[in-house]
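Remarks on the structure that follows.
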Amino acid sequence: MQLATVRLRSGFPCILAMVTLAATPEAMAQGVFASGASGVAVTASLIDHEGRKVERIGANEDFRIVLSFTDALQKTPAANLKPAAWVRRVAPDRPSCANAAWIARATGAISADDIPLERSYLISIGSADLSGNHDTLRVVDLDHRLKSADQISVTPLGGHADDFIVHPILPRAFIAQQTTGNILAVDLPWGHASRFAQGLTQPTMIAPLGNHIVVADHDGGGRLIKFDASGAQLATISIASGISALVRPNNDTVAAAAKDGSAIVIAAGDTAPRRLAAGSLNGPVAAGGGVIASTGPRQEVLLRWLDDLDRAVPVPVGIAIDGLFVRDDGRYLVAWSAREPKAVIVDVARARIAGVVRTDDLVDEAAAAGSAIFLTHRTSPTVIVIDLASTPSPEAAFAERRVRLPLVAGANREQSRSRVAVSPATASMLTVRPGSNVAYAIASGGGLSDAPMAAVAIRGDQPRMIARFDQRMVETSTGRFEANLRLAKGGAYEVVSTTGAGGTTTCAGFSVDGPGADEPPPAALRVVGKPPSANVPGTLALALDNWPRALPGGLVIRIDDLAFGWSARVAAKPGRDSAMALPFTFPREGRYAVSVEAAGGRIAPAVVDVKP
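All letters in the sequence shown, in the order written, are residues -29 to -1, 1 to 583 by mature numbering (1 follows the signal peptide of the UniProt record, and there is no 0).
Written out as structure tokens, the structure reads:
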């Protein structure tokens, strides 16, 4: 099967290369899409959740789309790109990939039938009857233009949710249910709950560990159970006393603190866990950026680093510590007390106090996004935003502002502390007050308005726990972008990527096995036999597979030079078996796109390599 290809459009300030591949696994496996007029070549692949390259995937399977951009002349990774990408299902009555990309560039929005790879969702767990016995998980599209239709899915959980996480790698939410002993997995963003693990005693906490998850289960004492992405149990580690905290010092490490102050640290690549003696991690425990923070005996925070766990560095904070929060990069932490309205900011790198914040009320939760730390309160509907970008030296003071939420004061009497969700991509936070079903978005940075940026209504339930699910094309290395995806229906799909006007826009087809894959394949142009050599008059033999019903008898075939932008149009009339013979002379060696100019349905073009 030939790689399909391209149509070059002029009339813009710069020529834009539009590349389309036939929706086949062979096309995706070959990888090369195009080198547009911008001088950027694009390669692509599909990889599974373990990082293995695959040619086909199945419906309801996690996989990643990888796009690699390379300077076509220097053969080096292309830097400073911000491509937009989405996935669309191939169907005869849908616009061509070229037209879909043009519409997206012109309007800034993709079709409602397409699947975005860059989207932000709010995940909420709550129950309409406030009992917590009939929890549901709701997914709200934060980027939806019509707020009355922004709820993407509603998934009944069949009981009470005690803890949940949104996995940072797999597009799923995991829910712990103590009463049933189950761990549920919910596909994001489209919903559908499945039993991920069962037979546990009292699962209370969940933490991601690379592509896996770790569950804290209480069985007499305590135990940590490690599961892979499919739900298979990989390891069980026992702890003498119950587990009081489960934290992540970094993306590939989980630390569990027991009630007697002992701890177990599990790293993704370690063959055996590391253990800390009783009394090592007391009181509230938090972690981030390779740092584990706990409470010392004399109103102090004890800091431990993963590369030297046996050494604890004390930092006196002057308050009885009832809560701790460590920023993801490990640079700053916040300590607060349940007995006085005060929070202490600690500079972890210097092991010293960076400042003290007098709060409006007792602190309830802390979060961080961008350069800011956010503090919410037990009763006061106020969020304090502390901008730490202005503290490069010990003498500098940080900026602080108070954002007032349009709600009446009310006590948070619930034990759940998951009412904040941060977005590193937008440097903002979402928060929900107890008794309210409105999430307020608050930006980081000092000196901004004392009002929230936006309000998001969560219809149907009063949320007890919320989280953020950001689906993004992540640049894992220079010029290499990856996005997680799971498709519920089989069939022919294509991923569309564009670097904008004057850049390279590409389309690549791939197949998904599963229900829906038996639909008729799309029409495609195919090169039959060997093409003529460069500058040699000859015949280009073509065939049209799966002829569209609306296609006229006479066709116009367009031939585009992908490297130099040269193009030609040739009239053709298909004969028996949709075969066509075009007398043609290619002006130079290289790669050419052969496409059909027709409005009667999408026809995947073909690619021909001309030799000297």
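For every residue, glycine included, the Cβ atom is placed at its ideal position computed from N, Cα and C. Predicted model only: the values in this text are computed from it and were never measured.
Check: Could you tell me the alpha carbon to alpha carbon distance between residue 466 and residue 56, rounded to whole angstroms?; Outcome: 7 Å
Check: For the candidate residues 357, 333, 353, 350, whose alpha-carbon lies nearest to that of residue 342?; Outcome: 357
Check: If you check the beta carbons only, do residue 480 and residue 60 fall under 8 Å apart?; Outcome: no
Check: Between the C-alpha atoms of residue 73 and residue 82, what's the straight-line distance to the nearest angstrom?; Outcome: 11 Å
Check: Considering only residues of the region 31 to 64, which uninterrupted beta strand (DSSP E) runs meet the minimum length of 3 residues and lie entirely inside it, listed in chain order?; Outcome: 34 to 42, 55 to 60
Check: Taking only the alpha-carbon atoms, compute the straight-line gap between residue 42 and residue 112 and give it to the nearest angstrom.; Outcome: 36 Å
Check: Excluding five sequence neighbours on each side, which residues of the same chain lie with their C-beta closer than 8 Å to the C-beta of residue 92?; Outcome: 110, 111, 112, 113, 123, 159, 160, 439, 440, 441, 442
Check: Assuming residue 106 contacts residue 138 under a Cβ cut-off of 8 Å, what Cβ separation, rounded to an integer in Å, is found between them?; Outcome: Not confirmed; about 19 Å, so no contact.
Check: Just the Cα atoms here: how many angstroms apart are residue 7 and residue 13?; Outcome: Any reading at residue 7 must be qualified, since the residue scores a pLDDT of 45, below 50, and its modelled position is unreliable; the value itself is stated next. The alpha-carbon atoms of residue 7 and residue 13 are separated by roughly 9 Å.
Check: Please state whether the Cβ-Cβ distance between residue 89 and residue 444 is less than 8 Å.; Outcome: yes
Check: Excluding the 5 residues preceding and the 5 following residue 377 in the sequence, name in chain order all residues of the same chain whose CB lies nearer than 7 Å to its CB.; Outcome: none
Check: Give the C-beta separation of residue 471 and residue 76 to the nearest angstrom, bearing in mind that I take them to be a contact with Cβ-Cβ under 8 Å.; Outcome: 7 Å
Check: Considering Cα atoms alone, identify which of 252, 189, 555, 469 is closest to residue 508.; Outcome: 555
Check: Threshold first: 4 residues or longer. Then list the alpha helix (DSSP H) segments lying entirely within the region 140 to 223, N to C.; Outcome: none
Check: In terms of alpha-carbon separation, which member of 253, 70, 190 lies closest to residue 213?; Outcome: 190
Check: Can you give me the Cβ contacts of residue 296 inside the same chain, cut-off strictly under 6 Å, excluding the 5 residues immediately before and after it?; Outcome: 257, 305, 337
Check: Just how far apart, CA to CA, sit residue 486 and residue 29?; Outcome: 9 Å
Check: I need the straight-line Cα distance from residue 579 to residue 457, nearest angstrom please.; Outcome: 33 Å
Check: Across which residues does DSSP place residue 136 in a beta bridge pair?; Outcome: 145
Check: Taking the beta carbon of residue 374 as the centre, do at least 16 other beta carbons fall within 10 Å, making it buried, or is it exposed?; Outcome: buried
Check: Should residue 550 go down as buried or exposed, given a rule of 16 or more other Cβ atoms within 10 Å for buried?; Outcome: exposed
Check: Would you kindly work out how many angstroms separate the C-alpha atoms of residue 144 and residue 236, rounded to a whole number?; Outcome: 23 Å
Check: Quick one, which of 300, 289, 174, 268 has its alpha-carbon nearest residue 220's?; Outcome: 300
Check: Rounded to the nearest angstrom, how far is the Cβ of residue 176 from that of residue 231, given a contact under 8 Å?; Outcome: At roughly 17 Å, the Cβ-Cβ gap does not stay under 8 Å, so residue 176 and residue 231 are not in contact.
Check: When you compare only the Cα positions, how much space is there between residue 36 and residue 154?; Outcome: 28 Å
Check: Tell me the DSSP secondary structure of residue 504 in three-state form.; Outcome: coil
Check: Just checking my contact of residue 534 with residue 562 at CB under 8 Å: how many whole Å lie between their CB atoms?; Outcome: 7 Å
Check: Could you give the distance in angstroms between the alpha-carbon of residue 312 and the alpha-carbon of residue 108?; Outcome: 34 Å
Check: Taking 8 Å as the limit between beta carbons, can you name the residues of its chain near residue 183, skipping five residues before and five after?; Outcome: 197, 198, 199, 200, 205, 239
Check: How would you call residue 583, buried or exposed, if buried means at least 16 neighbouring beta carbons within 10 angstroms?; Outcome: exposed
Check: Where do the N-terminal and C-terminal ends of the beta strand (DSSP E) with residue 455 fall, by residue?; Outcome: 451 to 456
Check: So, for residue 202: in the same chain, excluding its five sequence neighbours on each side, which residues have a beta-carbon less than 7 Å away from its beta-carbon?; Outcome: 167, 168
Check: Which residues in the same chain as residue 500 place their Cβ atom closer than 6 Å to its Cβ, once the five residues preceding and following it in sequence are excluded?; Outcome: 512
Check: When the distance is taken between beta carbons, is residue 400 closer than 8 Å to residue 409?; Outcome: no
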